[in-house]
Amino acid sequence: MIVGVPAETKPDERRVALTPAGATALKAHGHSVIVQRGAGEPSGHDDQAYRNAGARVVNSAARVWNAAEMILKVKEPQPAEYRYLRPGLILFTYLHLAAAVALGRELLDHRVSAIGYETVQLADQSLPLLAPMSEVAGRLAVQVGAWCLEARNGGRGVLLSGASGVKPGKIVILGAGIAGTNACRVAAGIGAEVTIMDVNPSRLRYVSDMFGGRVTTLMSNRATVEEEVTQADLAIGTVLVPGAKTPRLIAARTVRRMKPGAALVDLSIDQGGVSETSRPTTHAQPVYIRDRVVHYCVTNMPGVVPHTSTYALTNATLSYALEIADHGLLEAGARNPALRLGLNTYQGKVVHPAVAEALSLKPHSPWEHER
Ligand SMILES: NC(=O)c1ccc[n+]([C@@H]2O[C@H](COP(=O)([O-])OP(=O)(O)OC[C@H]3O[C@@H](n4cnc5c(N)ncnc54)[C@H](O)[C@@H]3O)[C@@H](O)[C@H]2O)c1
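Per numbering that gives the first Met the number 0, residue 0 is the first one in the sequence shown, and the count goes up by one each step.
Written as structure tokens, this is what we have:
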């Protein structure tokens, strides 16, 4: 199969969908790889590295899109890329179509077969192509939180690790899922005083087993959230209720009672945010101060560490890309139920039930006859 990797065009997106090592793997399976010139530069992979891996580097996006049978991307096609959509093309990328109805219609009209990273799902309901980004964002949360606490950024001037003879900072993490436990790992690692809260006792047990006495685990409820957040130097929101808006666990009046110059890093902002005071921000303008609390609510945090994020993402996506390239989309989906669940559109028909609902259409599975 001919596999194409265009440069990303969404503002602030610096990841690339395939590393040179990924290109080597595809070549070893007998496939051809075409990469747009400069596609890997923002994440630290130059054109020569792709050439060394056996890929062909071409000058324009049009040449990649037009030659490829399967396009690997990071973000959903932008309106300027819609002209490249054509019947029979396979598209493997983050899509989030339930919230992007116009793109869904373009994919259907142009009979593109599109698999969304975010809908590939394992038997235990986990989302293997979303998890690596939660891991990156969770670990990054402590780093950006530390930056928010610096006095020049409006923070209260607390060093989270403390110093000899000086107390460390207090970090409160809401949610002990993938992002939360990864934030916890970094927070405990730098020697901060850490409290992590969840409503799921088995998540708290997991954290407790993993970090022993170094971290306090607490059942999340309105009273404990208020008490802990008002004492925190840094509060980190990583709560997720699948398929729903994030519950706003931190009330505006709680924020008003936080320490002046404390920081709030709200990862859950992509699902509405965990605080009543959160609103989305960008890497260009990542923070705002409200009620003397420094708010960081960037919706695509992994974009600021594109080198690590590219590896984390492609480590997870490559095996699926190889399966599709080796067997073709239908056969790969028949073999792998996780991939089957990831198919959003197939040759002019909508396949994924949630996407079908968003587009007010009936879902059709190309594997229906097998049931
Ligand atoms: N901003 C970004 O750049 C970025 C990047 C990656 C992930 N995220 C977001 O981070 C959030 C967390 O992702 P994840 O992969 O860790 O999800 P996850 O499902 O692994 O974890 C979410 C946790 O929240 C817990 N929870 C639910 N209700 C709660 C409540 N009332 N109080 C406390 N905990 C509660 C759940 O039990 C679960 O353990 C998601 O919204 C995700 O989209 C944002």
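Virtual Cβ for every residue (Gly too), placed ideally from N, Cα, C.
None of these values were measured; they are calculated from a predicted model.
Bridge-paired residues (DSSP) for residue i
i: L173; result: M196, G236
i: R371; result: The shown model of the chain, from 0 to 370, leaves out residue 371, and the question about it has no answer.
i: T118; result: Looking at the DSSP assignment, T118 forms no beta bridge with any residue, so it has no partner.
i: Q35; result: V57
i: T344; result: A113, V349
i: M218; result: D197
i: V4; result: V34
i: A162; result: V165
i: V297; result: T280
Chain-order list of residues whose beta-carbon lies under 6 Å from that of residue i (same chain, five-residue window excluded)
i: V303; result: H282
i: T280; result: C296, V297
i: E86; result: Note on identity: in this sequence residue 86 is Pro, with Glu being the wrong assignment. Within the same chain, P86 has close Cβ partners R110.
i: R370; result: Only weak support exists for where R370 lies, its pLDDT of 45 falling under 50; the coordinates are left without a value.
i: R213; result: A187
i: E227; result: V171, T194
9 Å Cβ cutoff, residue i in contact with chain E
i: S201; result: Considering every chain present, this structure includes no chain E. It has just one protein chain.
Whole-angstrom C-beta distance between residue j and residue i, which should lie under 8 Å
i: L206; j: T180; result: The amino acid occupying residue 206 in the given sequence is Val; Leu does not appear at that position. That belief holds up - the Cβ atoms of V206 and T180 are roughly 6 Å apart, short of 8 Å.
i: N343; j: L96; result: 5 Å
i: L253; j: L217; result: According to the sequence shown, residue 253 is Thr rather than Leu. So it is not a contact: roughly 15 Å between Cβ atoms.
i: L88; j: E105; result: The pair is not a contact, with the Cβ atoms about 12 Å apart (cut-off 8 Å).
i: G39; j: V15; result: 5 Å
i: L374; j: G103; result: Past the boundaries of the shown model lies residue 374; the chain is included only from 0 to 370, so the question cannot be answered.
i: H44; j: A324; result: Rounded, the Cβ-Cβ distance is 20 Å, inconsistent with contact.
i: Y345; j: S59; result: Between S59 and Y345 the Cβ distance is about 28 Å, and since that is not below 8 Å, they are no contact.
i: L158; j: G347; result: Rounded, the Cβ-Cβ distance is 57 Å, inconsistent with contact.
i: S42; j: T309; result: 4 Å
Sequence-distant residues of the same chain with beta carbon closer than 7 Å to residue i, five excluded per side
i: V273; result: L173, G236, V238, T245, R247, L248, I249, D265, S267
i: T223; result: M196, L217
i: G190; result: S160, G161, P167
i: H351; result: T118, L342, N343, P362
i: A66; result: I1, G3, I33
i: R82; result: none
i: L360; result: V349
Neighbourhood of residue i by C-beta distance below 8 Å, restricted to the same chain and skipping five residues each side
i: A320; result: V2, L17, G21, L25, M69, L71, F91
i: T276; result: I249, A251, V254, L263, R289, D290, V292, H294
**Request:** Identify every run of the alpha helix (DSSP H) within the region 220-287, keeping only runs that are complete inside it and at least 4 residues long; order them along the chain.
**Result:** 221-230, 251-255
**Request:** Determine contact between the region 235-242 and the region 166-184, defined as no fewer than three beta-carbon pairs at a distance below 8 Å.
**Result:** yes
**Prompt:** Which runs of the beta strand (DSSP E) fall wholly inside the region 45-93 and span at least 3 residues, in chain order?
**Reply:** 55-57, 69-71, 89-92
**Item:** Three or more C-beta pairs below 8 Å linking the region 147-164 and the region 195-210
**Value:** no
**Prompt:** Counting pairs of Cβ atoms below 8 Å between the region 5-20 and the region 307-315, do you hit three or more?
**Reply:** yes
**Request:** Evaluate contact between the region 331-343 and the region 110-120, counting only Cβ atoms and requiring at least three cross-stretch pairs below 8 Å.
**Result:** yes
**Request:** Check whether the region 64-80 touches the region 0-11, taking contact to mean three or more Cβ pairs, one atom from each stretch, closer than 8 Å.
**Result:** yes
**Item:** Cβ pair count under 8 Å reaching 3, the region 258-269 against the region 226-235
**Value:** yes
**Request:** Please determine if the region 131-146 and the region 356-370 are in contact, where contact requires at least 3 C-beta pairs separated by less than 8 Å.
**Result:** no
**Message:** When you compare the region 139-148 with the region 182-191, are there three or more beta-carbon pairs, one atom per stretch, that lie closer than 8 Å?
**Reply:** yes
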